[in-house]
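Take the sequence shown: its letter number 117 is residue 121 in the numbering used here, and every next letter is one higher. What follows is one structure encoded as C-alpha cells, with my remarks underneath.
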Amino acid sequence: MKNLLNYQTSEYDCGPVTVLNGIRYLFEREDIYPDLVKYITLYCLDTCNESGEPGRHGTSACAINFLADWLNHYGETRNFPIHCEYYSGDQVTITPDSPITRALASGGVVLLHLFLDVAHYVLLTGIEGDRVLLFDPYYEEEDDPALDKEYDTDEIYFISDQPKKANRSVSIERINRTTKEYYEMGDFSVRLAMAMFNTKNS
Numbered sequence: 005m006k007n008l009l010n011y012q013t014s015e016y017d018c019g020p021v022t023v024l025n026g027i028r029y030l031f032e033r034e035d036i037y038p039d040l041v042k043y044i045t046l047y048c049l050d051t052c053n054e055s056g057e058p059g060r061h062g063t064s065a066c067a068i069n070f071l072a073d074w075l076n077h078y079g080e081t082r083n084f085p086i087h088c089e090y091y092s093g094d095q096v097t098i099t100p101d102s103p104i105t106r107a108l109a110s111g112g113v114v115l116l117h118l119f120l121d122v123a124h125y126v127l128l129t130g131i132e133g134d135r136v137l138l139f140d141p142y143y144e145e146e147d148d149p150a151l152d153k154e155y156d157t158d159e160i161y162f163i164s165d166q167p168k169k170a171n172r173s174v175s176i177e178r179i180n181r182t183t184k185e186y187y188e189m190g191d192f193s194v195r196l197a198m199a200m201f202n203t204k205n206s
C-alpha cells in the first residue's frame with residue numbers, strides 16, 4: 005500500500021520530508037525498511053543558523069549529495085531496489101532532454117531545490133504539458149485569507165485531490181527562471197536536484 009505524502013513538522017525539515025516523500029511515492033509501505041527512515045532523517049538538517057543553532061538553516065547541498073551516494077550503497081548492500089542521481093548547476097533545468105525530464109518520464113521522482121520566500125525543497129512527480137506536478141511539503145490552504153499574494157497567479161495551481169502524488173501544478177517556465185520568487189530555481193550556481201528511482205519499475 006502506498007502512503008500519503010507528508011508535510012513538514014517545522015519550518016526547517018523540508019529536506020528530509022521530501023526525501024522520505026520520494027521513498028513513499030516509489031515504494032509500498034510494507035517494503036520500506038525502518039533503518040532507511042532513520043538514516044535519512046539523521047543525515048539531513050545538517051546546518052546551523054547565524055547563532056549556531058543546529059538544524060535551523062535546513063539541509064545542505066552536501067547532505068543531499070551524500071544521501072544520493074548513501075542510498076545507492078544502501079540499495080546495493082540491502083538488496084533494496086533504489087537508485088539515485090545527484091545533479092547540480094546547469095544540469096538542473098527542465099527542458100525536453102534534461103536529466104530531470106528523463107527521470108520523470110521513466111517513472112522516477114526528483115527532489116528539487118528552489119525558492120519559497122527562502123531556499124526550499126519540493127518533490128517533482130510528473131510533467132503535464134507545459135507544467136510540472138510537484139508535492140510541496142510546506143502546508144498551505146488555498147482559501148486561507150492570509151495566503152501569500154505570490155500564489156495569486158495562473159502559473160501556480162493548487163491540487164487537492166492527489167495526496168499521494170501532488171499538491172501543486174507549476175508552469176515549467178516559472179520553475180526554470182533564474183530569479184528567486186516562489187517556485188523558481190534561481191541562478192545556476194545554487195541549483196541542485198536528486199532523482200530517485202525504484203529499479204524494479206524503471
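Beta carbons: idealized from backbone N, C-alpha and C, even for Gly.
6 Å Cβ shell around residue i - same chain, five flanking residues per side excluded
i      : result
Leu75  : Ile86 and Cys88
Tyr186 : Leu120 and Glu154
Ser92  : Leu196
Val114 : Ile104, Ala107, Leu128, Ala197 and Ala199
Own chain, CB closer than 7 Å to residue i, minus 5 neighbours either side, in chain order
i     : result
Ile98 : Ile104, Thr105, Val136, Ile176, Ile179 and Asn180
Pairwise C-alpha distance: residue j and residue i
i      : j      : result
Asn69  : Gly59  : 17 Å
Ser55  : Asp17  : 18 Å
Met5   : Lys169 : 14 Å
Ile36  : Ile27  : 8 Å
Glu57  : Gly133 : 43 Å
Lys204 : His124 : 30 Å
Asp165 : Ser193 : 35 Å
For residue i, the nearest candidate out of the options (CA to CA)
i      : options                           : result
Gly190 : Thr157, Leu118 and Tyr155         : Leu118
Tyr47  : Glu34, Glu32 and Leu24            : Leu24
Ile163 : Pro149, Gly111, Asp152 and Glu145 : Glu145
Glu188 : Phe31, Val96 and Thr63            : Val96
Residue i vs residue j beta-carbon contact at 8 Å
i      : j      : result
Phe139 : Val126 : yes
Tyr143 : Tyr11  : yes
Whole-Å CB distance - residue i paired with residue j, under 8 Å assumed
i      : j      : result
Glu154 : Val174 : At roughly 12 Å, the Cβ-Cβ gap does not stay under 8 Å, so Glu154 and Val174 are not in contact.
Pro20  : Leu40  : About 12 Å; that fails the 8 Å criterion.
Interface flag, residue i vs chain C, CB-CB below 8 Å
i      : result
Asn171 : Within the model displayed, chain C is absent; a lone protein chain is all it includes.
Residue i Cβ short of 7 Å to the ligand PLP heavy atom set
i     : result
Glu34 : With respect to small molecules bound, the structure shown includes none, and the ligand PLP cannot be examined in it.
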